[in-house]
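Numbering (the working numbering), first residue to last: 1317 to 1456. In this text, a Cβ means the ideal position worked out from N, Cα and C, and glycines have one as well. Data first, discussion second: the structure below is written as structure tokens.
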């Protein structure tokens, strides 16, 4: 499957999640280091960049909390509530996360369930390899 085919499939699946789940405003797939991979329509490119950076920061804090105070097995789901909405983030493949921006009165259980269901279906497509500095090469 080509990169274009994968992107179109992901775009369609993200839009489907948004449409079938009441309360979801935007859906975004991001890399662990905060770069957007794909996102639903209606979310402007600059806002997608900002949301990706915020979600990566929240996941980083969650991983730190897990390492310091938990079982050090990594973060599961993260959620932030704020006036006017909430942000939910779940791991979605190696090095990728799925983030949803939802209305404050959205059904958190339903949203999280549908997010995890989507990740199970397409987790292999949502893998983001770590970036390397220009000119560097992997060691065998």
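Check: Three or more C-beta pairs closer than 8 Å, one from the stretch 1349-1368 and one from the stretch 1423-1438: is that the case here?; Outcome: no
Check: Could you name each continuous beta strand (DSSP E) segment of 3 residues or more that falls completely within the stretch 1349-1378, going from the start of the chain to the end?; Outcome: 1352-1355
Check: Please state whether the Cβ-Cβ distance between residue 1347 and residue 1427 is less than 7 Å.; Outcome: no
Check: Report the three-state DSSP secondary structure of residue 1428 (helix, strand or coil).; Outcome: helix
Check: Kindly confirm or deny that the stretch 1324-1335 and the stretch 1378-1386 touch, where touching means at least three C-beta pairs closer than 8 Å.; Outcome: no
Check: In or out: residue 1324 buried (at least 16 other Cβ within 10 Å) or exposed?; Outcome: exposed
Check: Report all residues from its chain with a CB closer than 7 Å to the CB of residue 1365; omit the five preceding and five following residues, and keep chain order.; Outcome: 1352
Check: Is the Cβ-Cβ distance between residue 1405 and residue 1374 less than 7 Å?; Outcome: yes
Check: By DSSP, does residue 1415 sit in helix, in strand, or in coil?; Outcome: strand
Check: Which value, in whole angstroms, describes the spacing of the CA atoms of residue 1419 and residue 1387?; Outcome: 32 Å
Check: From the DSSP output, read off the bridge partner residues of residue 1407.; Outcome: 1413
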